[in-house]
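For what it's worth, full-length UniProt numbering labels the leading residue of the sequence shown as 1, then goes sequentially. Even for Gly, the Cβ is constructed at its ideal location relative to N, Cα and C. These notes concern the structure reproduced below.
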Amino acid sequence: MKVEEGYMPYKGYKTYYRIVGEKGNGKAPLVLLHGGPGSTHNYFELLDDIAVNGRQLIMYDQLGCGKSAVPSNPSLWTKQTWAEELIELRKYLGLDEIHLLGQSWGGMLTFIYMCDYKPKGVKSLILSGTLPSAKLWASEQHRMISHMSQEDQDAIAQAEATGNYDEPKYVAANDRFMEMHAAATPTADSPEPLRRKKVAGTESYIVGWGPNEYSPEGTLHDYNYMDQMKDITTPTLITSGTNDLCTPFIAKTMYDGIPNSRWELFQHSRHMPFVEEHDKYARILTDWLDNHD
């Protein structure tokens, strides 16, 4: 299977991209937007097998992480930087018609792109484990925290009250929370893309979002597309796991709010059903794309 890698000049830096498969067969390419901000494209390599049936995949490391890492520059980490990067990438690669999959923060970027920029040529959307509102996300994370041990709840509350996110008890509690609802730490048995060393976009995450999943204090703190999502007319597939950071309540809020949408809930998954229930996810995704070309 053909894999092409390259770099696009952007804002005086460079954006790394990876293209799997070849365009053709009447199938629009699938562009994948990773989470974070700052998480890298790596986990999307588990979806390479979709390209076997003639569906080209395009993934990239958003500015600030992975092979698109840059020196410290906090002024970059705004929604405009990442939305304009997507716009430029489509131009650079000649992507007139696409399907667009956004996971976690990548789904937020999808909302921003679709609602604020109203692009042409997007045949369908896949919103994977994502959110329409920072306030809603924070509320649901705190609800899930309330089911943790009292010690963990206290450690998290103390960190939020003081702003000290280096306290060992908080770090341990947050690690437990993320393992319950995001993903476990990769082991020697994990797929190689999950184990691979990468440059994490720590600065872009903290400046853009905040210190953790439940304290949106960064430039995206007022992110809210609750009212605008009703205007999304593009066919939309919403995916989430039962133990996801994107709780069933958040997923249903998107399903209820986006007119032409479908929701698939993965019973045995956390934040990345394309990892934890890969075969089922790949089958549903492939069928969705084939039905919306």
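* To do: Name the one or two DSSP bridge partners that V31 has.
  => I58 and L100
* To do: Could you tell me whether the Cβ atoms of L63 and Y17 are closer together than 8 Å?
  => no
* What residue range is occupied by the uninterrupted beta strand (DSSP E) comprising I19? -> Y13 to V20
* Asked: If you draw a straight line from the alpha carbon of L125 to that of P29, how long is it in whole angstroms?
  -> CA-to-CA, the gap between L125 and P29 works out to about 12 Å.
* Note down, in chain order, each residue of its chain lying with its Cβ closer than 8 Å to the Cβ of Q228, except the 5 sequence neighbours on either side. => Cβ neighbours of Q228 beyond the five flanking positions: F111 and C115.
* Asked: So, using beta-carbon positions, are Q103 and L33 closer together than 8 Å?
  -> yes
* Pick from V52, K2, E97 and G129: whose alpha carbon is nearest that of T242? -> G129
* **Buried versus exposed, by CB contacts within 10 Å (16 or more), P74** => exposed
* Asked: How would you label M254, buried or exposed, when you count the other beta carbons within 10 angstroms and need 16 or more for buried?
  -> buried
* **Proximity of F266 and T239 at Cβ, strictly below 8 Å** => yes
* When DSSP builds the beta bridges, which residues end up paired with I145? -> DSSP lists no partner for I145.
* Between which two residues does the beta strand (DSSP E) carrying L237 extend? -> T236 to G241
* Residue range of the unbroken beta strand (DSSP E) whose run includes K123 -> V122 to S128
* **Residue(s) in a DSSP beta bridge with F266** => Here F266 is bridged, per DSSP, to G241.
* To do: Compute the distance between the beta-carbons of I98 and V31, then report whether it is under 8 Å.
  => Remark: C-beta atoms of I98 and V31 approach each other more closely than 8 Å.
* **Enclosing beta strand (DSSP E) for E277 [first to last residue]** => Careful: E277 lies outside any beta strand (DSSP E) and carries neither H nor E.
* Asked: If you draw a straight line from the C-alpha of D287 to the C-alpha of D293, how long is it?
  -> One C-alpha to the other measures close to 10 Å.
* To do: Kindly list the residues whose CB is nearer than 7 Å to the CB of P193, restricted to its own chain and excluding five residues on each side of it in sequence; keep chain order.
  => Excluding positions up to five away in sequence, the list reads N42, Y43, E45 and L46.
* Asked: For E19, which residues of its own chain have a beta-carbon under 6 Å away from its beta-carbon, when the five flanking residues on both sides are left out?
  -> Looking at the sequence shown, residue 19 is not Glu but Ile. Hits under 6 Å: E4 and I58.
* Is it true that the CB of M108 sits closer than 8 Å to the CB of Y223? -> yes
* To which residues of the same chain is V70 closer than 8 Å at the C-beta, ignoring the five residues directly before and after it? -> Y13, L63, G64 and L76
* In chain order, what residues of the same chain have a beta carbon less than 7 Å from the beta carbon of G24, not counting five sequence neighbours either side? -> Result list for G24: G54, in chain order.
* Helix, strand or coil: how does DSSP classify P216 here? -> coil
* Asked: Can you tell me whether D256 is buried or exposed, with buried defined as 16 or more other CB within 10 angstroms of its CB?
  -> Exposed, since its Cβ has fewer than 16 Cβ neighbours within 10 Å.
* Buried or exposed: which applies to S133, given that a residue is buried once 16 or more other Cβ atoms fall within 10 Å of its Cβ? -> buried
* Please name the residue or residues paired with M8 in a DSSP beta bridge. => T15
* Asked: Would you report the Cα separation of G210 and F177, rounded to the nearest angstrom?
  -> 16 Å
* Going straight from the alpha carbon of A183 to that of M272, what length do you get? -> 7 Å
* Where N25 falls: helix, strand or coil (DSSP) -> Coil at N25, not helix or strand.
* Going by CA-CA distance only, name the one from H268, P216 and D290 that's closest to E140. => P216
* Asked: Taking all protein chains shown into account, do 16 or more other C-beta atoms lie within 10 angstroms of the C-beta of K27, making it buried, or fewer, making it exposed?
  -> buried
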